[in-house]
Structures are given as C-alpha cells and as structure tokens.
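Working notes, structure below.
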Amino acid sequence: MMAESLWREIAGEPRPLATRCTECTRTAFPPASRCRFCGSRNVNQVELAAHAIVEAVSLMGTVLVVHARTTDGVVLLGQAEPAGLVRVGHAVRFRPTGHHMRFELDE
Ligand SMILES: [Zn+2]
Numbered sequence: 186m187m188a189e190s191l192w193r194e195i196a197g198e199p200r201p202l203a204t205r206c207t208e209c210t211r212t213a214f215p216p217a218s219r220c221r222f223c224g225s226r227n228v229n230q231v232e233l234a235a236h237a238i239v240e241a242v243s244l245m246g247t248v249l250v251v252h253a254r255t256t257d258g259v260v261l262l263g264q265a266e267p268a269g270l271v272r273v274g275h276a277v278r279f280r281p282t283g284h285h286m287r288f289e290l291d292e
C-alpha cells in the first residue's frame with residue numbers, strides 16, 4: 186500500500202513522490218523501480234515540491250485537469266480547485282485527496 190502511494194506528508198504538507206535516477210539524473214513521476222528514461226534500477230525516491238505553476242489546462246470528460254510544473258521541474262497532472270478559476274500561469278499547491286492528484290490555487 187505504501188509503495189503505491191503517490192505522495193507523503195512532510196511537516197504537515199503533502200509532497201508528491203517521485204524517483205530520481207542516479208545514472209541519468211532525471212526525475213520521474215509516478216515513482217517506479219526502474220528509470221523511465223534509461224531503464225536503470227539505480228533510482229532513489231525523492232519528494233517533489235508542493236508548489237507548482239500551471240502550464241496547461243485540459244478537459245478530460247467533464248473534469249478539468251491541470252498540467253502543473255513543480256519548482257523541481259517535474260510536470261504533474263491533477264484536478265484543480267476551484268475548477269473554473271485555474272488558468273495557465275497560475276501558482277498552485279499540491280493538495281491531494283486520497284489517491285486523487287489535486288491542486289489548489291496558491292495564495
Ligand atoms: Zn535514468
């Protein structure tokens with residue numbers, strides 16, 4: 186169960202989990218036992234920043250999905266709250282609910 190978790194709370198703040206490859210140094214989300222880019226098994230779990238900038242907004246069915254780049258440079262997809270107000274360029278913070286990736290406007 187823990188191994189499948191996409192985030193972890195650190196000092197009261199939920200942080201997305203990713204893996205960083207020691208061979209090619211790239212960071213991948215979601216975390217995996219092999220590097221998605223070069224196939225190496227030399228990966229370490231890292232926590233990403235909780236703060237991100239919205240780079241794109243798309244509609245999947247009736248759900249608004251934001252593509253948010255964390256300050257670590259990794260793009261995450263998630264739902265946005267409040268859905269109608271999130272725009273490209275907005276600062277958001279990671280606020281997951283259970284297994285749902287979710288972002289709120291950062292104030
Ligand atoms: Zn790699």
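Numbering (this note's numbering), first residue to last: 186 to 292. Idealized CB from N, CA, C, for every residue including glycine. As the structure is a computational prediction, the values presented were derived from the model and not from experiment.
Residue environment: T255 is assigned as buried (16 or more neighbouring CB atoms within 10 Å of its CB, all protein chains considered). Distance between V277 and L202, taken at the CA atoms: about 17 Å. Uninterrupted beta strand (DSSP E) stretches at least 3 residues long and entirely within the region 240-282 occur at 248-255, 260-266 and 276-279, given in chain order. By alpha-carbon distance to L261, the top candidate from G269, P267 and V239 is V239.
The alpha-carbon separation between E232 and A213 amounts to approximately 11 Å. Three or more Cβ pairs closer than 8 Å define a contact, and the region 241-259 meets that threshold against the region 204-219.
Taking a contact as a CB-CB distance under 8 Å, the pair F222 and A253 does not count as one, their CB atoms being some 20 Å apart.
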